[in-house]
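Written below as structure tokens is the structure these notes are about.
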Amino acid sequence: MAKTQRKTKRKKRSKTNKQKRSIRNRREAKKYIELLNHAYKTLTSSYHDLLDKDDYLLLPYLKTGFNRGWKVLKDKNIIKEIKCNSLCMTMSILNSTLGKRKRIDELNPLQKLYLVFISYLVEDGELSKKEVTLKHALKKIDMRIMAKRNDLEKYTKKGDNRNIKKCNKFIGRQEEIKKKLIESDGKDREDVGYAFKIDVCNNVDCEYLHEYQMEKGQKYSESYSKFCLNITEFFKGIVWLNMYQIFGKILNPFKVSINNNVLNININIRNVINKVDIVFLPEEKMYFSDLFYGNNTLDRARKNAIITRKDIWIYNGIDTRNNKLIKRSVHNLENKHYVVAQMNIDSGEDWKKPIDEKAEIIYKNLSNFEKGIGELPILKDIRKQIKKIGDKDKYDLNENIENSITLHWLYMHRDEIEDYIKEFIF
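Using UniProt numbering, read the sequence shown as starting at 1 and increasing by one per residue.
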């Protein structure tokens with residue numbers, strides 16, 4: 001009898017410990033769920049929460065994302081190019097801000113949530129080799145058909161016969177492709193390779209990548225489905241709130257109004273060159289034109305090294321006394337991460353002009369930038385917009401850079417810069 005009672009007590013104690021653990025998880029998950037909900041609402045100007053208390057099941061995934069995202073941010077072999085966004089300068093600033101922290105414990109909950117999206121959305125060479133299953137590919141085709149049927153309904157109401165015909169043709173073609181796929185058990189992939197390629201911005205592919213978690217049970221499936229269906233909005237909303245902490249000086253994210261559509265920033269890029277670890281990558285024309293080299297031994301050696309590919313220089317810093325950008329060998333940069341800007345300076349409207357004439361215009365515009373005269377590049381603001389992502393209209397963010405002299409912004413370690421230049425500039 002006594003033995004039976006001891007077993008019962010152990011079961012009760014075990015159950016109690018499990019309940020306590022569940023309560024702790026729910027309490028910890030609550031702050032992240034509330035932040036994700038507010039991020040979604042501030043981006044979409046919605047008053048409705050997407051996640052609820054039962055979505056605490058996402059907590060293990062989020063916590064894993066914190067650590068993975070931190071490793072990606074600190075990994076000198078990974079260029080931080082994040083998919084599903086067009087905020088290349090904004091994202092580089094945010095990555096640099098967080099990357100300067102020594103330990104993950106120095107980050108607040110909002111910043112940690114950003115790490116989840118770094119872990120998921122940063123370009124992954126291994127992921128590009130994978131393919132979704134036939135089930136997921138068919139689901140993506142169905143979504144395309146559904147989107148086009150919605151368009152068909154709109155055109156039918158307008159009596160737009162030309163677009164009605166286009167929609168019917170598209171739907172018919174997709175139905176035919178779907179039928180062939182099913183009959184061939186996924187082997188006949190003519191004109192449908194796109195459906196098997198993984199796009200992390202697509203909610204179906206997101207569900208495929210989280211299939212293991214979703215198969216744990218109905219509640220898990222529901223939580224991950226909600227997360228995947230709105231993953232780009234959660235991501236953009238988290239970025240929006242983080243940028244408010246940096247530039248809007250609103251430290252409490254819940255004080256950011258859901259009705260704000262524009263975040264004014266007004267960063268004069270020339271004025272921050274010596275305040276931030278920024279590297280400017282010249283255009284190819286700049287590397288090979290004598291205009292961008294001084295009449296001295298060092299610059300002659302620099303150009304010869306470019307021609308022979310023995311060494312590559314970049315701009316890092318500005319000499320404010322002489323109003324000249326400072327050239328440095330990539331190898332002479334400090335052993336750390338940099339905000340890297342790929343230059344794209346206006347060369348005039350006539351694209352047929354000879355390269356030498358274009359180089360002269362670029363040189364003049366670069367000189368004006370160095371001297372701080374004329375219209376200077378300014379990161380003016382970030383604003384909400386609606387953009388078609390895949391086959392759906394999605395809430396998005398857009399950065400407004402006035403008088404831009406850059407094509408792209410990235411966050412990368414010094415050791416990756418030379419290879420990047422060789423691949424994307426030369």
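For each residue, glycine too, the CB sits at the ideal point set by N, CA and C.
Helix, strand or coil, according to DSSP, for VAL256 in the structure here? coil
On the premise that TYR56 lies in contact with ARG26, defined as a C-beta separation below 8 Å, what is that separation, rounded to the nearest angstrom? 5 Å
Burial state of TYR114 (16 or more Cβ within 10 Å): Counting the other CB atoms within 10 Å of its CB gives TYR114 a total of 16 or more, which places it among the buried residues.
From this set, PHE288, LYS387, ASN271, which residue's C-alpha is nearest ALA359's C-alpha? Comparing C-alpha distances from ALA359 to each of PHE288, LYS387, ASN271 shows the shortest one belongs to PHE288.
Does the separation of the CB atoms of PHE280 and THR97 fall below 9 Å? no
For the alpha helix (DSSP H) containing LEU366, list its first residue and its last residue. 355-371
Whole-angstrom C-beta distance between ASN268 and ILE93, which should lie under 8 Å: ILE93 to ASN268, Cβ: 14 Å. No contact.
Closer than 6 Å by C-beta to HIS413: which residues in its own chain qualify, once you throw out the five before and the five after it? Chain order, please. LYS76, HIS337
Burial state of SER119, where buried means 16 or more other Cβ atoms lie within 10 Å: buried
Where ASN264 sits in the DSSP three-state scheme: strand
Stretch-stretch touch, CB-based, cutoff 8 Å, three pairs: the segment 321-328 with the segment 392-406: no
According to DSSP, is VAL279 helix, strand or coil? Note: VAL279 maps to strand in three-state DSSP.
Span of the alpha helix (DSSP H), counted from its first residue to its last, around ILE182: For ILE182, the enclosing alpha helix (DSSP H) has its first and last residue at 161-183.
Among the residues of its own chain, which have a CB less than 6 Å from the CB of ILE362, if the five just before and after it don't count? ILE345, SER347
By Cβ distance, which residues of its chain are closer than 7 Å to LEU51, with the 5 residues on each side in sequence left out? ILE33, LEU36, ASN37, LYS226
Sort TYR395, ASP277, TYR155 by Cα distance to TYR411 and report the nearest one. ASP277
Where GLU207 falls, given that 16 or more other Cβ within 10 Å makes a residue buried: Flag for GLU207 reads buried.
Counted within 10 angstroms of its Cβ, other Cβ atoms place ASN242 as buried (16 or more) or exposed: buried
What does the Cβ neighbour count give for ASN274, buried or exposed, with the cut at 16 atoms within 10 Å? With fewer than 16 Cβ atoms within 10 Å of its Cβ, ASN274 is classed as exposed.
Tell me whether the segment 131-140 and the segment 77-88 touch, counting them as touching only if at least three CB pairs, one residue from each stretch, are closer than 8 Å. no
Do you know whose CA, among GLU153, THR44, LYS139, lies nearest ARG383's CA? THR44
Local Cβ density within 10 Å of LEU263, reported as buried at 16 or more and exposed below that: buried
Bridge partners for VAL339 per DSSP, in chain order? ILE278, TYR411
GLY374 - DSSP class collapsed to helix/strand/coil: coil
Where does VAL132 sit, in a helix, a strand or coil, going by DSSP? coil
Length-filtered (4 minimum) alpha helix (DSSP H) runs lying within the segment 22-89: With a minimum length of 4 residues, the continuous alpha helix (DSSP H) runs that stay inside the segment 22-89 are 59-74.
Between ILE421 and ILE312, which are expected to be in contact by the criterion C-beta below 8 Å, what is the C-beta distance as a whole number of angstroms? 6 Å
ILE118 - DSSP class collapsed to helix/strand/coil: helix
Between the segment 211-225 and the segment 166-174, do at least 3 Cβ pairs fall closer than 8 Å? no
Using only alpha-carbon positions, find the residue among LYS364, GLU375, GLU190, TYR293 that is nearest to ARG270. When each option's Cα is compared against that of ARG270, the closest is GLU375.
What three-state label does DSSP hand GLU349 in the structure shown? coil
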